[in-house]
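Residue numbers (the UniProt record's numbering), protein chains in the order written: chain W, 1 to 188; chain D, 1 to 188. Shown next, in structure tokens, is the structure this report addresses.
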DNA sequence: AGATGAAGCGGAACGTTGCTCCGGATACGG
DNA sequence: CCGTATCCGGAGCAACGTTCCGCTTCATCT
């Protein structure tokens with residue numbers, strides 16, 4: 001599965017890191033949907049080089065945000081430890097998740113469309129943040145704060161969906177919507 | 001805004017209805033994101049003819065679903081009359097709204113992306129179903145079943161977002177998610 | 001050091017989008 | 001039945017993700 005290989009040759013390593021840096025910069029200004037050519041140009045590199053390092057567009061996105069996504073997953077533990085109750089931890093962790101999704105324009109959208117092409121993005125979330133979410137959801141269920149039949153997947157998906165296209169629309173506050181959604185999960 | 005004109009010439013009228021029928025058929029099988037060319041081919045017509053009748057892709061989508069969207073908006077009244085409480089009406093109406101969005105593959109997705117091109121879809125929802133939703137939300141707020149600061153827009157948007165990509169994913173049930181979301185709106 | 005071949009590079013090119021344009025066909029009013 | 005305003009068809013454009021391949025560059029072996 002995860003082909004974790006740092007390039008051996010110096011030029012390849014240089015290209016790869018230039019690409020990652022350029023992509024990060026471009027994604028900040030133009031959103032995650034920025035054209036591959038824009039990233040290539042910014043890195044001073046041909047498109048072929050992009051596809052040599054990242055076989056598909058979502059692979060590039062994954063590479064750029066892998067750290068932040070994994071640290072978001074890791075935050076689940078600390079939220080569980082810091083909060084007074086598991087449900088409180090869920091609220092806190094959801095906050096950092098929403099931050100991640102809303103800050104990176106279009107990430108939430110890329111997530112919730114299963115065009116098959118974005119398999120890498122999907123599996124990264126499934127392998128990393130789904131277990132994190134599951135930990136908190138299970139704890140909340142065990143504490144009787146949330147129904148037992150609530151799945152981590154639907155919580156993740158619900159939060160993710162609520163963040164789609166949330167930037168730039170002053171009439172819609174994803175954080176608020178997620179708060180409502182999570183409030184609906186709580187048992188009375 | 002709304003250019004409501006039936007074509008005068010016989011061939012034009014024929015093309016228009018062939019187009020609408022073809023689009024409906026294609027959207028059912030391939031989803032709302034089906035290529036314009038596919039619709040044109042199915043209607044036995046050139047792409048130019050499509051764009052003569054529907055200046056932009058979302059305009060075609062709007063034309064195909066206008067009836068169902070408006071009848072969904074109209075359902076708000078009957079839900080308010082039929083249900084025991086305004087909140088019950090909100091639940092009922094949300095059910096028909098979710099049905100509409102989930103049945104037409106990709107409609108929810110087309111809705112929540114404001115690429116500027118899909119202005120027609122947006123304005124149709126804003127002009128028709130937002131008021132419908134507002135009626136129910138206001139009634140629920142007046143009955144004290146929902147906070148007064150909850151806006152119809154965020155309810156609409158929340159439900160719409162929760163339906164994005166909900167078809168074909170057996171692990172995610174949009175109806176359930178929406179139920180949670182609406183439960184979170186209710187005051188204790 | 002110099003040769004060698006595998007790895008990497010760049011960008012032209014392909015297939016697919018939404019959409020435009022205009023020469024030619026067509027139907028309606030006289 | 002004929003003139004013309006209207007409409008049709010599909011070639012063509014720009015942008016996208018992705019592929020391909022000739023040329024360059026680097027690590028390595030003698």
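Using N, Cα and C, we set each Cβ at its ideal position, and we do this for glycine too.
The three-state reading of DSSP puts residue 42(D) in helix, counting H, G and I together. The stretch 124-134 of chain W makes contact with the stretch 73-82 of chain W: 3 or more CB pairs, one atom from each, lie closer than 8 Å. Annotation: Cβ neighbours of residue 183(D) in chain W (cutoff 7 Å, chain order): 184. For residue 70(D), the nearest beta carbon of chain W is not closer than 8 Å to its own beta carbon.
Between residue 51(W) and chain D, the shortest Cβ-Cβ separation is not below 8 Å. Against residue 171(D), the close residues of chain W are 151, 153, 154 and 157, in the order they occur along the chain (beta-carbon pairs closer than 9 Å).
Per DSSP, the unbroken alpha helix (DSSP H) holding residue 175(W) starts and ends at 174-185. Nearest to residue 149(D) by C-alpha distance, out of 78(W), 177(W), 145(W) and 80(W), is 177(W).
Only those residues of the stretch 102-114 of chain W whose C-beta falls short of 8 Å from the nearest C-beta of chain D are listed: 109, 112, 113 and 114.
For residue 162(W), a Cβ of chain D is located within less than 8 Å of the residue's own Cβ. Identification of chain D residues near residue 176(W) by a Cβ-Cβ cut-off of 8 Å yields 154, ordered along the chain. Closest in alpha carbon position to residue 46(D), among 115(D), 87(D), 89(D) and 19(D), is 19(D). Proximity of residue 180(W) to chain D, defined by a Cβ-Cβ separation below 8 Å, is satisfied.
Its chain contains 22, 23 and 26 as the residues whose beta carbon lies nearer than 6 Å to that of residue 39(D), once the 5 sequence neighbours on both sides are disregarded; these appear in chain order. With a contact defined as Cβ atoms closer than 8 Å, residue 157(W) and residue 172(D) qualify at about 5 Å.
The C-alpha of residue 185(W) lies about 10 Å from the C-alpha of residue 141(W). By the 16-neighbour rule on beta-carbons within 10 angstroms, residue 147(D) is exposed. Sequence-distant Cβ neighbours of residue 79(D) in its own chain, meaning closer than 6 Å and more than five residues away, are 89, 92 and 93. Listed along the chain, the chain W residues whose CB falls inside 7 Å of the CB of residue 116(D) amount to none; the nearest CB is some 11 Å away. Inter-residue distance for residue 162(D) and residue 9(W) is about 46 Å (C-alpha atoms, whole angstroms). As for any alpha helix (DSSP H) of minimum length 4 sitting wholly inside the stretch 94-176 of chain D, the runs are 107-112, 119-124, 130-142 and 152-162, ordered along the chain.
With a 10 Å radius around the Cβ and a threshold of 16 neighbouring Cβ atoms, residue 112(W) comes out buried.
Residue nearest to residue 99(W) within the set 7(W), 164(W) and 16(W) is 164(W) (criterion: CA-CA distance). Membership of residue 22(W) in the alpha helix (DSSP H) is indicated by the continuous run 10-30. Residues of the same chain with a CB within less than 7 Å of the CB of residue 68(W), apart from the 5 flanking positions on each side, are 100 in chain order.
For residue 165(W), the closest Cβ of chain D is nearer than 8 Å.
Residue nearest to residue 107(W) within the set 50(W), 14(W), 34(W) and 187(W) is 34(W) (criterion: CA-CA distance). Only residues of its own chain outside the window of five on either side were considered, and among them 20, 23, 24 and 27 have a CB closer than 7 Å to the CB of residue 64(W), listed in chain order. Within 10 angstroms of the beta-carbon of residue 117(W) lie fewer than 16 other beta-carbons, which makes it exposed. In the three-state scheme derived from DSSP, where H, G and I count as helix and E and B as strand, residue 33(D) is classed as coil.
Residues 158, 159 and 162 of the same chain have their beta carbon placed closer than 8 Å to that of residue 181(D), with the five preceding and five following residues left out of the count.
Excluding the 5 residues flanking it on each side, residue 36(W) has same chain C-beta neighbours closer than 7 Å at 47, 50 and 57, in chain order. Under the 10 Å beta carbon count, residue 86(D) is surrounded by 16 or more other beta carbons and is classified as buried.
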